[in-house]
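Residue numbers (the working numbering): 50 to 668.
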């Protein structure tokens, strides 16, 4: 049966959010156990009804069947009896060989509705007597409203109300375009802040200074890395950098709210029901038992739709118009310029190579904002800034990591694969530099630093076979390889590119993933394909830059993501290890940039130590 979006998320239990490739990794096993408990209770209830032994019954097709007598009772008819039974403490799980759907490429039940346009996304929501809201927010991140004249737009067509909200205003009107035109015309000024003169070159200079900072607390220390450098056959050192990135979800930020006495109702596609609940209670005084969240489809999230800003705006707007429902919709310019960004980061990596060309020691100095500042940290470790580095798959006996925290007053939010989106690029580019310094093939060099028979070694070998790595590349084609561990999954990729008019044209990406037990192979394949396209856009051209405290980019003309005619051929192989469940939605992102830049080196001899490639005249 298709699972319909639920109407009520008031947190009767635990976390309710969709982030960090949580879904299958965290909830498959508990849900499987709960289903087994329900099956056993329904079976026991049926045994009592039919007067037979429970072991002679079978659950199938929504019924409990007794094959010997050809009798069956529907699950629904057994619920009342089953609820009176004790919950089995140790339920018997179906053996993997008897599971009908797990491991098969089962079509998604929502695909037909999405193709036909029947699926209701947040932007599609319509409510009786609904109004529309457009935002006018401070262009400088930390500023607020200094002065506003609502009368400047009250006479414009369709305008119903002008509502003060944090950092700006929402103009409410009979149509969104009327609201947008009025919001653009609104007479409003904003406070001056210390951030008014902020710009990207200054922030980059501060971040680069962090690479040379002293007294930085150690995050990870294995062995004695520094002691190994004095006797090294070679010392390799390189600095890498990545810019801020926007999420640019296909569906811009929006939320519909209706706030009446004793009841606040939302219609939204969100990644964080519990975060909405907590923030609305704190910011607007909405009690949890009076909040109702109707969850509809969201057109992309990638970490951006975990925040409650649009919900707060929509609720304030609805309150201001007597409880009529109001849909607040951000324009693309609002989405990009007001967005929460992936942080800019820099790293200095050093490696001591032994005479036999192995890495005897490696040190990593990360510099940049602390994405996870609000999270309890152990041993000075910010997981949102260091994952993919502190848990990289290579066996290096002497390894140290520290993080020089640089305060950048720009609003941040996790971006798809969080820290691994840049640590994968850093580590895999550096491993390639070390391989070439040692005079070794990049694949062989990586395999030499992995345990024999390891999961990362298996995906590397698989992707190498897919790309015929042992054979010369086709004429005009250059290749790069990488492997990254994230979210309990290993993904290796080979990028094949061609240089056209001194610019990069990616023609083919081979990807191999070991995500442990596989639930739906078709979903694994499509998630990796989508990840590759998103990561390619981030590596080629896009970045967020700041001038005078304002984001310079505003729409896809200045933030040019990959278009369909630029997308490469992508093939995906699944390496089944039988290990614990791993993530799929994010691990396909981290390997791409490293493999791409390694292929650029193979093609041009240039090492790309900062992204995007467009900054180097290559895209």
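Note that beta-carbon positions come from the ideal geometry of N, C-alpha and C, so glycine has one too.
- Nearest to residue 209 by C-alpha distance, out of 218, 216 and 223, is 223.
- Non-local C-beta neighbours of residue 205 in its own chain, meaning closer than 6 Å and more than five positions away in sequence, comprise 231, ordered along the chain.
- In this structure, DSSP gives residue 527 an extended state, which the three-state scheme calls strand.
- Secondary structure at residue 267: strand, using DSSP grouped into helix, strand and coil.
- Residue 513 is positioned such that its CB atom lies closer than 8 Å to that of residue 492.
- Residue 649 is not bridged by DSSP to any residue.
- Within the same chain, Cβ atoms closer than 6 Å to the Cβ of residue 476 are found at 441, the five residues on either side in sequence being excluded.
- In the DSSP assignment, residue 434 falls within the alpha helix (DSSP H) that extends over 432-435.
- If you draw a straight line from the Cα of residue 160 to the Cα of residue 317, it comes to about 20 Å.
- In this structure, the beta-carbon distance from residue 302 to residue 359 falls below 8 Å.
- If you compare the alpha carbons of 123, 94, 111 and 99 with that of residue 132, the shortest gap goes to 94.
- The secondary-structure analysis by DSSP pairs residue 394 across a beta bridge with 291.
- With a minimum length of 3 residues, the unbroken runs of beta strand (DSSP E) contained wholly in the stretch 105-191 fall at 107-109, 112-115, 120-123 and 180-186.
- Look at residue 415 here: in three-state DSSP terms it is strand.
- Per the C-alpha coordinates, the member of 469, 294 and 547 positioned closest to residue 647 is 547.
- Annotated three-state conformation of residue 555 is strand, per DSSP.
- Excluding its 5 nearest sequence neighbours in each direction, residue 368 has C-beta neighbours in its own chain below 6 Å: 308, listed in chain order.
- Fully contained in the stretch 266-342 are the following alpha helix (DSSP H) runs of length 4 or more, in chain order: 274-278 and 322-333.
- Each residue's CA atom was taken as its position, placing residue 67 and residue 336 some 23 Å apart.
- Residue 299 is classed as exposed because its beta carbon has fewer than 16 other beta carbons within 10 Å across all chains shown.
- Counting the other CB atoms within 10 Å of its CB gives residue 150 a total below 16, which places it among the exposed residues.
- The Cβ-Cβ distance between residue 451 and residue 391 does not fall below 8 Å.
- Proximity to residue 340 across 324, 184 and 495 peaks at 324, based on C-alpha coordinates.
- Excluding sequence positions up to five before and after residue 482, its CB lies within less than 8 Å of the CB of 285, 287 and 656, all in the same chain and listed in chain order.
- Between residue 274 and residue 80, the CB-CB gap reaches or exceeds 8 Å.
- Here the alpha carbons of residue 354 and residue 262 stand approximately 35 Å from one another.
- Excluding the 5 residues flanking it on each side, residue 256 has same chain C-beta neighbours closer than 7 Å at 393, 395, 416, 417 and 455, in chain order.
- Following the DSSP letters along the chain, one finds residue 82 inside the alpha helix (DSSP H) bounded by residues 71-99.
- By alpha-carbon distance to residue 137, the top candidate from 153, 177, 90 and 592 is 90.
- Sequence-distant Cβ neighbours of residue 631 in its own chain, meaning closer than 7 Å and more than five residues away, are 74, 536, 537, 538, 564 and 565.
- Distances from the alpha-carbon of residue 409 to those of 431, 497 and 370 put 497 closest.
- The straight-line gap separating the alpha-carbon atoms of residue 266 and residue 638 is approximately 29 Å.
- If you ignore the 5 residues before and after residue 453, its C-beta comes within less than 6 Å of the C-beta of 259, 262, 265 and 416, all in its own chain and listed in chain order.
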